[in-house]
Ligand SMILES: Nc1ncnc2c1ncn2[C@@H]1O[C@H](COP(=O)(O)OP(=O)(O)OP(=O)(O)O)[C@@H](O)[C@H]1O
Ligand SMILES: Nc1ncnc2c1ncn2[C@@H]1O[C@H](COP(=O)(O)OP(=O)(O)OP(=O)(O)O)[C@@H](O)[C@H]1O
Ligand SMILES: [Mg+2]
Ligand SMILES: [Mg+2]
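Residue numbers (this note's numbering), protein chains in the order written: chain A, 419 to 673; chain B, 6 to 319; chain C, 135 to 416; chain D, 477 to 945; chain E, 188 to 508.
And the structure:
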């Protein structure tokens, strides 16, 4: 088991309405649990604001849960020292939603991809960058170019190359294909599947598009308003949804 | 919001406290004897000694600081060493001048900058834009005192439209406003140039936003889109700079008040530093610090007014 | 298959402001550098009886109030003023920017603390600080530079913090965190390059302020010490000669305008060519 | 109503001349708001003021003053000998902060036999006693009002204090109850404080002010001379501008070095460059307009080669000396020229322009300097050289101290003048300092304003005699 | 009523729309699909007279018979909102964050229709009801950040409908929304268009939404219109190889199981990427990626070929059965 999220809750304190009232609290994620095995993909679907990204941020240890634990490869992420955490980070990487915003516009693509390697002081960094670029279907020569010289689909490939360059065990993809059009989206999804087969990646795949999730996930988790509505093997959730919201999503996506 | 206010108030007090410690320390490591400055080169040693006693300069530093700060807490800033009147009176006398100047400078800065900045943005990459960029660059480069001299030469000495300096007070509002025109321009042109550039770039940024396109698609005229949709959204960075500029305008009065012989705080602090008038310098620097902090605070509050989204983040 | 959507390279069409700015800056720096090796006359050589001389073959721009060659004074002044302004802005700018980056990187009470310190810096009259430095170390150009650098610190701290806070919300910063970079590395590798534009613009503004601040300090005997001229000092000394010899104020004034505009235009131009967003737009 | 607007460079911080040395207090208030027992004419002659007349005992030690009758303070209280007694006691007291306490040093006792008479007895003869009594430091203030004088001055003079907007202006109005009120033409006098020379010029040129005595920028005179609206007066002041040397420290404890400095400097060039020709050179420490003046400017004629040789002989050639200069235009400008002149004579002078507080502390109080430039504005101040080694000159010369003793106790004017001449010659011979020039009193006055003094032996300027057309 | 005739939009570095010809009549519901960068938005903006300043426009654009291709900004201002209105892709950023949504909707009513404040507000309320914003009275006074994405999108629709336009352009109105909301918005647009007899130009790369929303479809690739026809027919039996590729790439929501080797089936894709628009190859833009490419494809631009009530531009066109 590569990832284990247990009873995680995350609250945000909202601004006080009045001076003497206690500040209202928004529960962004409530009592969420999930597990993920190597080489498997877990899809998380849910409407906007349902807490998908918050959960992803906690899995990435960008923020800590208020309650519950997140274990990566058996280690509690929030008990690690910052140095240990940094070293462990190469093991879990993330691909973001926005193919434009997730690459530093002032850095060459090669530089950005090599970034996680520099932290490791990897001696064969250049070679691994070339390799990663080839794996995502770009050319080694593209390393010298800047992000604005690429199309949206290509940038998403670059972001994926950066995420896999450390050969992580887990990839978190937060709406990684939502901004892409159908044919590019299909290419990227195929790429992710290729990588999974090749590297034995586990994936946490966040989307609000059921059709996309259906084509790539082994397990599925449906969220609404921070709560987990249902979860289970993808085919059973999709074939026999137990919750009305899931059903409505399915009807909307199908037809 | 309440937490925010509380945090800011604590910050405010701590800032002033730190300022007071620093000023006190600085003024005391400075060479220069207030008594000697007051009594001059021919003073005898016992006269100097007597004056030092009178001014309390012979007490140990900590005692002086303690006595000063405890009095300051109840609003008593002591008696000016050189003017021999309560510092608060001195400040009260001169504050209207400096506030008038700084406020009129601010108004001038903001109005001119918004007009020029928005005009430049509206004519992005056209002659108007280049013109504003060039003029504002020039405005930044022209030394304030040099501009002041030029203005006086033209408008006071040659054309005689406006007085060359001095401030008659607000009892005669027309005269007061006339007296403020030249100093205001000299003081604020630089700030205005800076702000015009900020306005332009921030307006350009906003003009790239989707909602500006929506507004245009709704069939509104360019002017309407600019003033209704672009400007309000461009205000956040503008207001940030304006807050800093208000502080700059207040401190900028030191030079301008000299050139236009205006009875304001700028000249007072200049004199007081030269005279080693600790109570006055101390109170004035605290006042400046209070103005700076308050200006920043007001800016933060303004954000909330300008941008309803930020209310959620305060 | 790597048909990227690189727009056709827009040729070597550099923006006008960059070219003009570079020319003006080169002019000023050139004059300053040249003055180290050569000036038309010894800039200290005075001849009081030949004061306010009109320009001629020997004195290209005439002489000043002590009969010194104006061209030589301006050249040496370029050197001194540039040194003051560049040193003060670089020093104050780097400390201030570092503080701003730190505030944005750590946030919380550290950010509050840094900003309150910046407030103190804002409120503290530079004059007082300059006098203090002069008192402790003696008056000199170096101390003027330090004092001016000091007033620059809070300015840059504010500007860079505001800009840095924005960049911290970008996804590529999150990506860098995911890559295992710590805050300082992120600040260095991502935040700093991406806040360069506002910081450079501020630097060009502060550059002008520094030249003039030196003049104000010189006026009190806290700046450059005679016989070294600075443009600011020349300008303030020419104040009372406005009616008799306006050229003495016009030339240094013009030099200041040229230098400041040069750096300003250069800064604008640099931003235009380095900001990929603006490049894309073009 | 006749109104006179006078520009002043310096704004005082207090309005009490008996507690603060600022010259502008005297310029505005002494002999206008406040009066003293005596006053002084432009020629330096001592005239009666609150004392109608006086007699001096034969031994020169006892002065009996008959006071003017019916005089009232501006607050309505009466003036009589008790006020004189009070004023002197206050100035002479142990804890007195009078800036010119030395004026009162010779006094043994002050008595008031009756309301109209005051008798002052001296310990030793003082040639300047009556002259000194005219100074603002010896103003006769009343016990009832003295505490408020710093802000609301109460005196007996021709003008009453009206208002003071700090940083801007001070207004006096005519005192209709003054003894000679009929002779006063001006109803209101407004002093405007304009420190910046360029601003002052602009104010004059745009008719904002009528007169600016003590105009600080000689370089601007051509502008006013060519303008028919103004008359420009260049008079003298009591201010000797000197290049002071620290006599207590090498190399200036060596008279030859000091002489070399005097030889190295070119007064004409300094006056031309720093004062635009508007100043009279001095060769010693005495004003050229004084009765006892001797012209010693030719004693050390400017000769760079000779000076160089003198420096070489003294073994200081090629050394660096600091010249710490206070922030006054006359000083900083002179410094630049002197620096160049010393360079010609082989001396590297490092000019340090310092701030005034710094100068007072480091140079004046701590004697931490090699050379400096300063104007001594007090009248009859040759006694500075007898102030001993602690004074910032660092000069201590038994011969001169004895000479000054004689001068200050010699009541006979002719003899005293002879002694003063001897003093001048001695100081020049010793080249204690390099004596540069007498500070000019430049006044720019509208042609329709008459009665301003051309030169001034004192710091005050009576306004009673001024007329405005 | 709207007619484009050999209309092109070109930049220094790219041709975003190449000689497009097209008519839109009242009651039409026309979908536009195509890959990112194929010129869909440029087509929409052209109909609004809002092509970027940097663009060079050629050809004719007739609105009610007037050629607007070179019309001035103020002439366009008169047409916008009343003749043609547009809702933009990104509901999160298309609303002025500093204006209450009620004011945003009331603005055009006051400006263009000279309504009083009260009238405008009443009308805005009606519009809010019409587009199905719950609790509309309270919503009028909210700021955009206080609303959900779907609600914001409805506000934008209300804004576009305010002045009763003859043509409503919706540029990817549902991309950012989740499936439920997407569906509801699509139905809303169709209903409104039908009720008002308004023409609808519906741009999307989501084929399912287009299928629901439109009667006819326009397929774009690389600045060219490559195929058009009745939506159902085109989707069922695409004529152009690109259209076929596009349809094939769409994932379907049925669960995909892993194969026997533990691997899952790949989605069909179109190989290669969209060509850069400055590679002004004279021929078919799709050449190089096309599975049925012929030698002439790279050099000769295929003309639109009429296939009864549909048409497509391809040299290798197989007339559909
Ligand atoms: N830093 C924060 N402070 C306060 N509230 C927050 C913060 N971050 C997220 N939230 C709130 O938490 C909830 C969940 O947000 P999250 O970003 O996880 O949603 P999501 O499911 O990713 O939505 P989307 O599909 O729009 O990306 C939202 O209501 C959001 O407003
Ligand atoms: N200002 C501009 N300067 C140069 N080229 C531009 C400009 N605006 C758009 N383009 C180009 O025009 C082409 C068409 O763009 P358009 O926005 O119409 O595409 P689209 O089909 O709407 O794509 P998407 O699905 O991503 O919204 C693109 O290749 C784009 O790069
Ligand atoms: Mg999210
Ligand atoms: Mg588009």
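Glycine residues also receive a C-beta, built at the ideal position from the N, C-alpha and C atoms. Since the structure is predicted, the reported quantities are computational estimates derived from the model, not experimental observations.
Across the segment 357 to 387 of chain E, CB contacts with chain A closer than 9 Å involve 362, 363, 364, 365, 366, 367, 368, 369, 370 and 371, in sequence order along the chain.
Three or more beta-carbon pairs drawn from the segment 243 to 262 of chain B and the segment 291 to 311 of chain B are found closer than 8 Å, and the two stretches are therefore classed as touching.
In the DSSP assignment, residue 529/A falls within the alpha helix (DSSP H) that extends over 527 to 538. Collapsing the DSSP output to three states places residue 428/E in a helix. DSSP assignment within the segment 240 to 285 of chain E yields the following whole beta strand (DSSP E) runs of 3 residues or more, N-terminal first: 243 to 250 and 271 to 274. For residue 832/D, the chain B residues whose Cβ falls inside 7 Å of its Cβ are 279, in order along the chain. As DSSP reads the structure, residue 195/E sits in a beta bridge with 245/E. Those residues of the segment 657 to 684 of chain D placed with their C-beta closer than 7 Å to a C-beta in chain B are 668, 669, 670, 671, 672, 674, 675, 678, 679, 681, 682 and 684, ordered along the chain. Residue contact check for residue 230/B against chain C: no CB pair falls below 8 Å.
In the pairwise beta carbon analysis, the segment 217 to 227 of chain C is classified as touching the segment 280 to 290 of chain C: at least three pairs are separated by under 8 Å. A direct Cα-to-Cα measurement between residue 578/A and residue 604/A gives close to 15 Å. The set of residues with any CB-heavy atom separation to ligand 1 below 6 Å comprises, in chain order, 430/A, 444/A, 446/A, 464/A, 466/A, 467/A, 468/A, 469/A, 470/A, 471/A, 472/A and 626/A.
Considering only beta carbons, the part of the segment 294 to 311 of chain E lying closer than 9 Å to chain B consists of 294, 295, 298 and 299, in chain order. For residue 211/C, the closest C-alpha among the options 386/C, 351/C and 317/C is that of 386/C. Judged by pairs of C-beta atoms under 8 Å, the segment 442 to 458 of chain A touches the segment 639 to 646 of chain A, as three or more such pairs exist. The residue among 314/E, 501/E and 491/E with its C-alpha nearest the C-alpha of residue 208/E is 491/E. Taking 8 Å as the threshold, the shortest C-beta distance from residue 534/A to chain C falls below it. Ranking 522/A, 513/A, 638/A and 613/A by CA distance to the CA of residue 457/A puts 613/A first. Proximity to residue 764/D across 745/D, 794/D, 892/D and 711/D peaks at 711/D, based on C-alpha coordinates. In this structure, residue 278/C sits away from residue 388/C, with a CB-CB distance that is not shorter than 8 Å. If you draw a straight line from the Cα of residue 893/D to the Cα of residue 882/D, it is about 11 Å long.
Look at the beta carbons and you see the segment 798 to 814 of chain D not touching the segment 769 to 776 of chain D: under three pairs across the two are nearer than 8 Å.
Taking a beta-carbon distance threshold of 8 Å, residue 37/B does not count as an interface residue toward chain E. Taking a cut-off of 8 Å for Cβ pairs, the segment 599 to 619 of chain D and the segment 506 to 519 of chain D touch, as three or more such pairs fall below it. Chain order gives the chain B residues near residue 269/E as 224, where near means a beta carbon separation below 8 Å. If only complete runs of 3 or more residues are kept, the segment 809 to 857 of chain D shows the beta strand (DSSP E) at 824 to 829 and 847 to 852, in order along the chain. Taking one beta carbon from each stretch, the segment 413 to 432 of chain E and the segment 311 to 318 of chain E have fewer than 3 pairs nearer than 8 Å; the two do not touch.
Neighbours of residue 699/D in chain C, taken as residues at a C-beta separation under 8 Å, are given in chain order as 377 and 378.
Against chain D, a Cβ distance below 7 Å from residue 200/C picks out 749, 812 and 813. 138, 142, 143, 145, 146, 147, 148, 149, 150, 151, 154 and 158: these are the residues of the segment 137 to 160 of chain B whose beta carbon lies less than 8 Å from some beta carbon of chain C, given in chain order. For residue 281/C, no CB of chain A lies under 8 Å from its own CB, so it is not counted at the interface with that chain.
Below the 9 Å Cβ cutoff, chain A contributes 522, 523 and 524 as neighbours of residue 328/C, in chain order. Chain-ordered, the chain B residues with CB closer than 8 Å to the CB of residue 265/C read 35 and 278. Just measuring C-alpha positions, the residue of 175/B, 122/B and 263/B sitting nearest residue 643/D is 263/B.
Residues of the segment 592 to 615 of chain A that bring their beta carbon within less than 9 Å of a beta carbon in chain E comprise 596, 597, 598, 599, 600, 601, 602, 603, 604, 605, 607, 608, 611, 612, 614 and 615, in sequence order. In this structure, the CA atom of residue 21/B is about 6 Å from the CA atom of residue 291/B.
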